[in-house]
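Written below as structure tokens is the structure these notes are about.
4 protein chains.
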Amino acid sequence: MDTNEGIGSRLWAIPEGYMPGSSTGPDEMKSHETICFLNTSNKDAKVEITAYFADREPAGPYEVEVGARRTVHLWVNDLEDPEPIPTDTDYATVIRSNVPIVVQHTRLDSRQAANALLSTMAYPVREAGGS
Amino acid sequence: MDTNEGIGSRLWAIPEGYMPGSSTGPDEMKSHETICFLNTSNKDAKVEITAYFADREPAGPYEVEVGARRTVHLWVNDLEDPEPIPTDTDYATVIRSNVPIVVQHTRLDSRQAANALLSTMAYPVREAGGS
Amino acid sequence: MDTNEGIGSRLWAIPEGYMPGSSTGPDEMKSHETICFLNTSNKDAKVEITAYFADREPAGPYEVEVGARRTVHLWVNDLEDPEPIPTDTDYATVIRSNVPIVVQHTRLDSRQAANALLSTMAYPVREAGGS
Amino acid sequence: MDTNEGIGSRLWAIPEGYMPGSSTGPDEMKSHETICFLNTSNKDAKVEITAYFADREPAGPYEVEVGARRTVHLWVNDLEDPEPIPTDTDYATVIRSNVPIVVQHTRLDSRQAANALLSTMAYPVREAGGS
């Protein structure tokens, strides 16, 4: 398989999302969530994130560009347009891309002394020509 | 793929389940397990959870509704009907839905000072028309 | 899909295995690894685990029975026959079953004060009739 | 399926990579990332890792051999040829092998007192004859 055309899927989902509103330790240990994108293709990826909530309609799309042959580890805490995603709130995300990408989700939780981590590959929706 | 029809699978499994019976810290840091559901479809999802154990027949079904275009992060600790799932006990879950959903499982373990986290996408059972 | 015939795969792999040789805290917080099996079928599952190492031939098979409609969360630390799997040693596992099962792998690491956790679904090898 | 021919895929991707530049505790608790390879086949695996970054062209390939019926848990921190992968830097990896293998990714983060762990199966790219 030629990775020049990009590996992965154009549609991903992450049911678990929750940014703790408090932190312990220095700035780099701030509680946060990261969505990690890998674009192995030779074309820049236009990525759109939609955020789902428990008690309101979805927000978005949030637009992210992932350059050809680049990885972007996006802090969800930094999203502002069209609106910030609130902390201490259950949410979920769906990610769409115009080229195949691979997506992973990580949380650092430093509410208590010493941090905790979780990570999982996002759920790839299968499509014709994807994987 | 049109997410209006819902992305994911109608059948998921999570072999690992264990709710620690003790906790350290404030209420929000209580040891717990969460099953996170994402329903991207335009139809409310009727979800049924069956719990499996090491030494007895399965319990359930536990009924959960996940509204159209909503996410629900269910605390397993809060399930009561038809019976609570005991803490400090090995269990596993199977999740069925009438529409495709995506499912992720997370544990927060605060038995010792500072919490630990784990998370993994649940196992999607493949079906015709699902992914 | 009828879960009476069992959901999952008959063949799974877990590349990451490592049981820390030291622990902090009470017995229940002992550093350990768990392989979690879920058998939703109506037939007892005969499971065989093979352990792979960095510098020697594989060990096993280790035999485990997972009853019909039961989950078993096996402590790898407790395996003795045909030989214990050493702590502080890189290993990996392949799991075979005569009926479809679902497999997840978890580590609790309490070498330092406060424990850390990791978990991931095992890698399901696709087969005809499985998922 | 005959595991003598190897189980898994020849192409894997891991979007999340980040090696913390500081650590707490003894040497074995050094912050690090591990890529775990399992080669169940009867043929030595020639593995090539390519590292992707946020703001420069990819580095590599890094060559690793995983013997027949062996597992290798590679510390990314130890890679030197063609160039070290810097700490405190977002990166991602693509792994290619001449025989099917299974790949998992783990981080130990000991920047704060007590360590945190994350792990996930890598993303297997589907190919004819693979799984």
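Residue numbers (my numbering), protein chains in the order written: chain Y, 1 to 131; chain Z, 132 to 262; chain W, 263 to 393; chain F, 394 to 524. Note that beta-carbon positions come from the ideal geometry of N, C-alpha and C, so glycine has one too.
Against chain F, a Cβ distance below 9 Å from Val328 (chain W) picks out nothing, because the smallest value is about 20 Å. Taking CB atoms only, Leu472 (chain F) has no neighbour in chain Y less than 8 Å away. One thing to note: Ala406 (chain F) has its Cβ within 8 Å of the Cβ of Tyr516 (chain F). Exclusion of the five residues before and after Thr312 (chain W) leaves Pro320, Gly322, Pro323, Val356 as the residues of its chain whose Cβ lies within less than 6 Å of its Cβ. Taking a C-beta distance under 8 Å as the contact criterion, Val76 (chain Y) and Met19 (chain Y) qualify as a contact pair. Within the same chain, Cβ atoms closer than 8 Å to the Cβ of Gly283 (chain W) are found at Ser293, Thr349, Asp350, the five residues on either side in sequence being excluded.
For Glu57 (chain Y), the chain Z residues whose C-beta falls within less than 8 Å of its own C-beta are Arg200, listed in chain order.
Met121 (chain Y) has Y:Gln104 as its beta-bridge partners, per DSSP. In this structure, Leu336 (chain W) sits away from Leu249 (chain Z), with a CB-CB distance that is not shorter than 8 Å. Contact annotation, Glu426 (chain F) with Arg500 (chain F): C-beta distance approximately 5 Å; criterion of less than 8 Å satisfied.
Between Leu300 (chain W) and Val361 (chain W) the beta-carbon gap is near 11 Å, outside 8 Å, which marks them as no contact. In this structure, F:Ala438 is the residue among F:Arg519, F:Ala438, F:Arg449 with its C-alpha nearest to the C-alpha of Gly399 (chain F). Collapsing the DSSP output to three states places Asp352 (chain W) in coil. For Pro346 (chain W), none of the residues of chain F pass the 9 Å Cβ criterion, the least Cβ distance being about 17 Å. With contacts defined as CB atoms closer than 8 Å, Glu16 (chain Y) and Gln235 (chain Z) qualify as a contacting pair. For the set Z:Ile216, Z:Pro157, Z:Ser172, the Cα lying nearest the Cα of Tyr183 (chain Z) is the one of Z:Ile216.
Counting the other Cβ atoms within 10 Å of the Cβ of Arg331 (chain W) gives 16 or more, which makes it buried.
Taking the beta carbon of Phe37 (chain Y) as reference, the chain F residues within 8 Å of it are Pro408, listed in sequence order.
For the pair Ile35 (chain Y) and Leu404 (chain F), the Cα-to-Cα distance works out to about 22 Å. Against chain Y, the CB of Thr251 (chain Z) has a partner CB under 8 Å away; the residue lies at that interface. The three-state reading of DSSP puts Asp81 (chain Y) in coil, since its state is none of H, G, I, E or B. With a cutoff of 8 Å on beta-carbon distance, Thr433 (chain F) and Met121 (chain Y) are scored as not near each other. Around the beta carbon of Asp471 (chain F), fewer than 16 other beta carbons sit within 10 angstroms, so the residue counts as exposed. Between Val440 (chain F) and Ser402 (chain F) the beta-carbon gap is near 12 Å, outside 8 Å, which marks them as no contact. Around the CB of Asp371 (chain W), 16 or more other CB atoms lie within 10 Å, so the residue is classed as buried. Lys305 (chain W) and Val328 (chain W) have their C-alpha atoms some 9 Å from each other. In this structure, Ala316 (chain W) sits near Val465 (chain F), with a CB-CB distance shorter than 8 Å. Val518 (chain F) has a beta carbon lying within less than 8 Å of a beta carbon in chain Y.
With its beta carbon at least 8 Å from every one in chain F, Val99 (chain Y) lies outside the interface. For the C-beta of Leu248 (chain Z), the chain W residues within less than 8 Å are, from N- to C-terminus, Leu379. Fully contained in the stretch 174 to 213 of chain Z are the following beta strand (DSSP E) runs of length 3 or more, in chain order: 176 to 184, 190 to 197, 201 to 206.
A direct Cα-Cα distance of roughly 34 Å separates Pro157 (chain Z) from Arg187 (chain Z).
Beta-bridge pairing by DSSP links Asn170 (chain Z) to Z:Arg201. Around Tyr52 (chain Y), the beta-carbon contacts reaching into chain Z at under 9 Å are Leu169, Asn170, Thr171, Arg200, Arg201, Thr202.
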